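First up is the structure itself, then whatever we jot down about it.
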Amino acid sequence: MTEISAVKSAFEEQIENLLAEFEQRKKLRDTTCSQIALEAFLLAKGKGYKLLWLKAATTLTHYYSDITSEFEKAIQYLQEVVEELDDELDAEQKSEFYRRIGLNHDYLGEPIKSKLAYDDSVRLLENKTDLSETGFLTLARSLFNESIIYGDLGLETLSKEYLRKAFEYFQKANYKPGISRCYISFGIEAYDKKENEKALELYQKAISIAEEINDTPPYCIAMANSGIVYADLAEKEKAIECSVKALERVKNQTNKHFELSIYQLSGRIYQVVKDFEKANELFTTADGIYVEMGKVVDNFELYNYWSETLNALGRHQEAYEKLQRFMKQKDDLHELNKQAELSDATLRFKYEEGKKEQDLLKKKNAEIEEYAHQLEMSNFELKQFAHVASHDMKEPLRMISNYSQLLEKSFNGQLKIDQKDYIYYINDGAKRMMNVIQSLLHLSKINSTQRKETVSLNDALDEVQHLLKPYIEEKNAIIKSALLPEISADKIHMIQLLQNLVTNGIKYNRTKQPVVEIGYSSTEKNHSIEVDDNGIGIAKEYRDKVFIIFQRLHNRNEFDGTGIGLSICKKIVDSLNGKIWIEDSPLGGTKFCFTIPK
Numbered sequence: 225m226t227e228i229s230a231v232k233s234a235f236e237e238q239i240e241n242l243l244a245e246f247e248q249r250k251k252l253r254d255t256t257c258s259q260i261a262l263e264a265f266l267l268a269k270g271k272g273y274k275l276l277w278l279k280a281a282t283t284l285t286h287y288y289s290d291i292t293s294e295f296e297k298a299i300q301y302l303q304e305v306v307e308e309l310d311d312e313l314d315a316e317q318k319s320e321f322y323r324r325i326g327l328n329h330d331y332l333g334e335p336i337k338s339k340l341a342y343d344d345s346v347r348l349l350e351n352k353t354d355l356s357e358t359g360f361l362t363l364a365r366s367l368f369n370e371s372i373i374y375g376d377l378g379l380e381t382l383s384k385e386y387l388r389k390a391f392e393y394f395q396k397a398n399y400k401p402g403i404s405r406c407y408i409s410f411g412i413e414a415y416d417k418k419e420n421e422k423a424l425e426l427y428q429k430a431i432s433i434a435e436e437i438n439d440t441p442p443y444c445i446a447m448a449n450s451g452i453v454y455a456d457l458a459e460k461e462k463a464i465e466c467s468v469k470a471l472e473r474v475k476n477q478t479n480k481h482f483e484l485s486i487y488q489l490s491g492r493i494y495q496v497v498k499d500f501e502k503a504n505e506l507f508t509t510a511d512g513i514y515v516e517m518g519k520v521v522d523n524f525e526l527y528n529y530w531s532e533t534l535n536a537l538g539r540h541q542e543a544y545e546k547l548q549r550f551m552k553q554k555d556d557l558h559e560l561n562k563q564a565e566l567s568d569a570t571l572r573f574k575y576e577e578g579k580k581e582q583d584l585l586k587k588k589n590a591e592i593e594e595y596a597h598q599l600e601m602s603n604f605e606l607k608q609f610a611h612v613a614s615h616d617m618k619e620p621l622r623m624i625s626n627y628s629q630l631l632e633k634s635f636n637g638q639l640k641i642d643q644k645d646y647i648y649y650i651n652d653g654a655k656r657m658m659n660v661i662q663s664l665l666h667l668s669k670i671n672s673t674q675r676k677e678t679v680s681l682n683d684a685l686d687e688v689q690h691l692l693k694p695y696i697e698e699k700n701a702i703i704k705s706a707l708l709p710e711i712s713a714d715k716i717h718m719i720q721l722l723q724n725l726v727t728n729g730i731k732y733n734r735t736k737q738p739v740v741e742i743g744y745s746s747t748e749k750n751h752s753i754e755v756d757d758n759g760i761g762i763a764k765e766y767r768d769k770v771f772i773i774f775q776r777l778h779n780r781n782e783f784d785g786t787g788i789g790l791s792i793c794k795k796i797v798d799s800l801n802g803k804i805w806i807e808d809s810p811l812g813g814t815k816f817c818f819t820i821p822k
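Sequential numbering from 225 applies to the sequence shown in my numbering.
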């Protein structure tokens with residue numbers, strides 16, 4: 225085994241060990257396990273182990289989505305994989321990632337973004353005739369989820385069309401979890417038509433399947449919906465029995481979105497049977513879960529039913545507050561067509577004082593919301609354009625590289641030296657262009673993917689040294705650092721920033737032992753960080769130029785690179801409202817200085 229393959233195997237083994245450790249800690253409900261999965265994700269990404277990167281991304285995002293309800297983080301990493309491995313993923317893999325992006329947007333109460341992601345998922349698979357079982361189920365799940373979105377948006381015809389397509393696919397695959405969920409949706413359709421007996425029959429089919437396969441979510445949802453039907457039929461004991469069964473099974477679940485639904489449905493059951501104290505208790509629990517999930521919209525029904533319950537209890541001020549929340553969320557989601565008109569008494573209650581001022585404010589908010597929506601859609605279209613453009617650029621480059629290699633093999637060792645050189649230049653040029661496109665994608669997504677959190681720059685630097693360990697050892701480099709602060713930033717961007725600057729200090733260096741020293745100081749308003757090296761330095765007249773994209777100061781034969789690394793650094797610092805510049809270093813090379821506001 226060569227030294228290179230041994231190092232590679234060691235890193236692969238380390239990633240596998242990290243993922244195994246994650247699974248062990250997850251079983252113990254150790255909240256630090258996400259850091260283990262994140263370390264595996266970053267290491268696999270940094271080393272270019274694509275299969276392990278996909279595995280780590282799947283593991284990490286399932287944890288954020290299903291266990292900790294950190295849906296924005298799940299979306300961030302799912303999108304990162306789709307964007308950066310766009311040409312490496314097959315249609316079924318891409319479709320599954322888009323489905324999960326849509327699911328997390330749905331959990332965040334973002335139906336438009338959710339629908340767009342489901343559209344992408346369905347589009348990739350709906351016309352294929354050679355789907356695997358996994359691809360078949362991904363398509364069915366996306367159709368099912370999109371049917372729910374259409375239903376929530378009041379587009380009943382499309383909702384029913386997508387639901388029946390999903391049911392057909394689930395039946396062909398004999399996928400019982402999907403079939404049970406479709407029966408629940410069919411039951412809700414029947415209930416909306418006042419066909420209570422039919423609704424109960426459909427819910428019972430869902431319950432029977434869920435019990436057979438021990439699938440808790442559809443069991444609880446079908447049971448709770450059955451309770452609502454029984455409550456409407458004035459069969460109080462059966463209604464309460466259904467609620468008790470659903471609540472009992474939901475206790476050990478970690479999916480907050482599912483838990484929220486059951487508490488809200490159970491609260492509705494007790495409201496209909498006029499046990500308003502119990503209904504208020506359940507609605508209060510549901511609201512606590514809702515707040516814990518950090519949701520802003522998409523739960524207006526809770527506040528509508530809660531307002532009615534509090535009003536029945538004589539707690540009119542609290543009822544008014546919940547009604548206000550109901551109206552705001554209802555307006556935010558543009559679903560006025562789904563709700564019954566408010567009674568005359570409620571209208572007087574809502575518009576009691578300051579009606580003109582409230583109407584004016586509401587109008588301005590609607591204008592701002594419409595403008596924000598248009599801007600969001602415009603940004604989405606630009607982003608899609610960038611992905612399509614990058615794909616169209618990569619494809620011919622890949623063909624050039626592949627066919628030049630085939631051409632070389634076809635000569636069976638009969639090429640002359642200058643012919644081999646020509647083919648080498650073709651492959652090298654294609655490879656460099658591919659790297660340029662990838663770097664441009666990194667540069668273009670810095671603002672759009674930023675997710676701020678508290679980041680320890682010491683931990684970020686440790687991650688950089690871990691990722692660069694083979695390169696640091698190869699160059700016999702020394703990395704020194706002062707104690708660095710914690711800042712509010714995107715962790716991935718901070719790792720990328722420090723990695724680019726450290727790599728710069730090692731790469732552009734002709735000494736036998738490159739040295740990179742990182743210093744820190746602070747003022748009342750800013751964190752100030754300096755990265756010194758003993759490299760070749762940058763002349764004063766070029767210090768602004770190097771931050772411009774594609775600006776290189778050296779021949780590629782002497783120092784490789786795309787000419788984008790420092791542009792990425794500048795964009796990251798700019799996105800934090802900071803500044804970056806270059807000075808002379810006391811070590812004899814370059815001093816990169818940057819500030820980040822506190």
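Each residue gets a CB set at the ideal place from its N, CA and C atoms; glycine is no exception. Please read all numbers here as calculations on a predicted model, not as lab measurements.
Whole-angstrom distance between D686 and N528, CA atom to CA atom: 50 Å
Kindly list the residues whose CB is nearer than 8 Å to the CB of S712, restricted to its own chain and excluding five residues on each side of it in sequence; keep chain order. K676, E677, T678, V679
Quick one: what's got a C-beta closer than 8 Å to N724's C-beta in the same chain, skipping five residues either side? G789, L790, I792, C793
Can you give the beta carbon distance from I433 to S485, rounded, assuming they're within the 8 Å contact cut? Contact doesn't hold; Cβ gap of about 19 Å is too wide.
Taking just the CA atoms, how far does G491 sit from E505? 8 Å
Taking only three categories from DSSP, how would you classify E334? coil
Which word fits G729, buried or exposed, when buried means at least 16 other C-beta atoms lie within 10 angstroms of its C-beta? buried
If you draw a straight line from the alpha carbon of G812 to that of H690, how long is it in whole angstroms? 26 Å
Return the residue from the list Q428, Y342, Y454 that minimises the CA-CA distance to R442. As written in the sequence, residue 442 is Pro, which differs from the Arg given in the question. Measuring from the Cα of P442, the nearest candidate turns out to be Q428.
Does the stretch 361-372 come into contact with the stretch 333-351, if we say contact requires no fewer than three beta-carbon pairs (one atom in each stretch) closer than 8 Å? yes
Between E576 and C466, what straight-line distance do the alpha-carbon atoms span, to the nearest angstrom? In this predicted model, E576 has a pLDDT of only 44, less than 50, meaning its place in the structure is not dependable enough to derive any value.
Taking Cβ to Cβ, would you say I753 is nearer than 8 Å to I762? no
What span of residues does the alpha helix (DSSP H) with F726 cover, start to end? Strictly speaking, residue 726 in this sequence is Val, with Phe absent from that position. Taken as a continuous stretch (DSSP letters only), the alpha helix (DSSP H) holding V726 covers 715-731.
For R473 versus T440, is the C-beta spacing smaller than 8 Å? yes
Using a Cβ-Cβ cut-off of 6 Å (strictly less than) and excluding sequence neighbours within five positions of W277, which residues of its own chain qualify? A268, K269
Three-state secondary structure (DSSP) of G802: coil
Sub-8 Å separation of K815 and S809 beta-carbons: yes
Quick one, which of T747, Q541, D642, D768 has its alpha-carbon nearest P709's? T747
Inter-residue spacing [alpha-carbon to alpha-carbon] between F410 and E425: 10 Å
CA-to-CA distance, Y386 to Y695, given in whole angstroms: 52 Å
Per DSSP, P821 forms a beta bridge with which residues? N750
Would you kindly check if the distance between the Cβ of S319 and the Cβ of G272 is under 8 Å? no
From the DSSP output, in three-state form, read off Y744 for me. strand
Leaving out five residues on either side along the sequence, give the residues of the same chain with a beta carbon under 7 Å from the beta carbon of K460. V497
Would you please state the rounded distance, in angstroms, between the beta carbons of A463 and I493? I believe it to be under 8 Å. 5 Å
Helix, strand or coil: which one does DSSP assign to K815? strand
Would R324 pass as a contact of L302 if the rule is Cβ separation under 8 Å? yes
By how many angstroms is the C-alpha of A503 removed from the C-alpha of L571? In this prediction, L571 has a pLDDT of 35, which is less than 50 and means its spatial position is unreliable; nothing more can be read from the coordinates.
Using only the alpha-carbon positions, how far apart do S672 and S799 sit? The pLDDT assigned to S672 is 49, lower than 50, so where the model puts this residue is not dependable; a value taken from the coordinates is nonetheless given after this. Rounded to whole angstroms, S672 to S799 spans 10 Å at the Cα level.
What residues in its chain sit with their C-beta under 8 Å from that of E436, if we drop five residues either side in the sequence? K400
For V679, three-class secondary structure by DSSP: strand
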